[in-house]
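*Asks:* Quick note: the sequence shown uses the numbering used here, first residue 25, plus one each step.
Right, I'll just put the structure down here and ask away after.
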Amino acid sequence: MGRTRSRDTDHPEARLDHGGMARIVPSEFAGGFELVVDDTPQSHVDLDDPTHLHFEYIVRMGAVIDQLTSPGEALTAVHLGAGALTLPRYVDATRPGSRQQVIELEAPLAQLVREHLPLPKGAAIRIRIGDAREGVKRLPPALVGQCDLVVSDVYSGAQTPAHLTSVEFYRELSQLLGPRGVLLVNVADGPGLAFARRQVATIAEVLPEIGVLADTQVLKGRRFGNLVIAASASPLPTEWLPRLLAAGPHPAKIAQGPELTTFVQGARIVTDADAVASPRPDASLFLR
């Protein structure tokens with residue numbers, strides 16, 4: 025806990041189409057910059073070092089991405105939710121030649137990031153504006169069944185919209201994946217993990233090979249935080265993940281197999297008919 029971020033009005037900002045304000049501010053703790061939407065930190069970017077992943081859950085996503093295919097091999101990737109394009113920049117830096125599509129609802133946010141946190145020259149990253157679910161349907165047909173990586177990290181303010189949490193939605197995403205392609209989903213939840221447990225059960229209905237990466241205290245439901253769900257039709261490339269996650273800089277674990285079966289016991293699959301947005305975190309979570 026501690027002080028909040030500076031309210032210096034000189035920082036670049038943009039009014040979003042669906043309400044709220046996006047701002048780019050210097051990071052007070054890690055160098056680089058943060059994208060903040062309505063006082064909620066959305067992304068961290070280090071323009072001098074795109075491999076610097078500051079947010080803990082992004083570090084965990086990066087650890088999974090590093091295991092895909094052969095080291096350094098170019099990927100075909102789709103990202104839902106642009107933020108400041110942290111992961112697309114990471115993939116471009118670590119796997120040159122990767123082809124990446126990004127779907128972002130807010131055109132003003134995408135323009136703010138392009139202008140003040142420009143992408144590396146030559147990066148094959150295309151940003152498409154629109155709703156994530158509708159945008160998936162409009163992607164080039166050639167991507168169907170060809171993606172090595174699909175990332176769903178969509179937030180309206182501090183919550184994932186309900187229509188991006190259902191089994192119908194995850195079936196649509198699964199159609200993009202190649203035989204060994206991996207889906208990564210960022211889920212935020214608090215004590216009890218009722219929302220996260222339903223999300224794991226829902227994704228497992230579509231992609232049976234599944235693991236959850238999180239801080240141990242978050243995974244036990246003792247505090248609010250982010251859980252990364254990794255899922256695939258094929259066995260996940262997780263042989264080295266436990267050692268990598270335990271080493272830090274943000275120690276965590278991966279839950280799989282019987283532990284995950286216990287985790288989701290009694291959790292109902294989410295459908296379009298009963299989907300709800302993710303829980304709203306307490307505002308104090310973002311105080312520093």
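Ideal placement from N, C-alpha and C gives every residue a C-beta, glycine not left out.
Being a predicted model, the structure only gives us computed values, none of them experimental.
Output the boundary residues of the beta strand (DSSP E) element that contains T295.
*Replies:* By one-based count along the sequence shown, residue 295 stands at place 271. Counting along the chain, T295 falls outside any beta strand (DSSP E), and DSSP gives it neither H nor E.
*Asks:* Would you report the Cα separation of L129 and I253, rounded to the nearest angstrom?
*Replies:* Numbered from 1 along the sequence shown, position 105 holds the residue referred to as residue 129. Numbered from 1 along the sequence shown, position 229 holds the residue referred to as residue 253. Going from the Cα of L129 to the Cα of I253 covers about 22 Å.
*Asks:* Is the separation between the beta-carbon of G96 and that of T118 shorter than 9 Å?
*Replies:* Taking the sequence shown and counting its residues from 1, the one referred to as residue 96 is at position 72. Taking the sequence shown and counting its residues from 1, the one referred to as residue 118 is at position 94. Their beta carbons are under 9 Å apart, which means G96 touches T118 by this criterion.
*Asks:* Use the C-beta contact count for D34: other C-beta atoms within 10 angstroms, 16 or more gives buried, fewer gives exposed.
*Replies:* Residue 34 sits at position 10 when you count from the first residue of the sequence shown. Result: exposed.
*Asks:* Take I227 as the anchor and find which of A38, D172, A291 has the nearest alpha-carbon.
*Replies:* Residue 227 sits at position 203 when you count from the first residue of the sequence shown. Selected option, being the one with the closest Cα: A291.
*Asks:* Per DSSP, which residues does S51 bridge with? Please list them.
*Replies:* Taking the sequence shown and counting its residues from 1, one reaches residue 51 at position 27. Answer is none; S51 lacks a bridge partner.
*Asks:* Specify, as a first and last residue, the run of the beta strand (DSSP E) that V211 falls within.
*Replies:* In the sequence shown, the residue the question calls residue 211 occupies position 187. Residues 201-213.
*Asks:* Nearest-angstrom Cα distance between R312 and V211?
*Replies:* Counting from 1 along the sequence shown, the entry for residue 312 is found at position 288. Counting from 1 along the sequence shown, the entry for residue 211 is found at position 187. Note that R312 scores a pLDDT of 40, beneath 50, so its modelled location is shaky; the value from the coordinates is reported in the next line. Each residue's alpha carbon lies about 22 Å from the other.
*Asks:* Check K277 in the structure and name its three-state DSSP category.
*Replies:* Taking the first residue of the sequence shown as 1, we reach residue 277 at position 253. Strand.
*Asks:* How would you write the range of the alpha helix (DSSP H) that S198 sits in, first residue to last?
*Replies:* As a position in the sequence shown, residue 198 is number 174, starting the count at 1. Counting along the chain, the alpha helix (DSSP H) containing S198 begins and ends at 191-198.
*Asks:* Rounded to whole angstroms, what's the CA-CA distance from P303 to P165? Just pull it up for me.
*Replies:* Numbered from its first residue, the sequence shown carries residue 303 at position 279. Numbered from its first residue, the sequence shown carries residue 165 at position 141. C-alpha separation (whole angstroms): 34 Å.
*Asks:* Return the CA-CA distance between G121 and I149, expressed in angstroms with no decimal places.
*Replies:* Counting from one through the sequence shown, the residue named residue 121 turns up at place 97. Counting from one through the sequence shown, the residue named residue 149 turns up at place 125. Rounded to the nearest angstrom, the two C-alpha atoms are 10 Å apart.
*Asks:* Excluding five sequence neighbours on each side, which residues of the same chain lie with their C-beta closer than 6 Å to the C-beta of L104?
*Replies:* As a working note, residue 104 is residue 80 in the sequence shown. Correct list, in chain order: I127, A156, S176, V178.
*Asks:* For S258, I'd like the list of residues in its chain whose CB is within less than 7 Å of its CB, leaving aside the five on either flank, ordered along the chain.
*Replies:* Numbered from its first residue, the sequence shown carries residue 258 at position 234. Taken in chain order, the residues that qualify are P203, R204, E233.
*Asks:* Tell me the DSSP bridge mates of Q124?
*Replies:* On the sequence shown, residue 124 is found 100 positions in, with the first residue counted as 1. In DSSP, Q124 forms a bridge with A101, I149.
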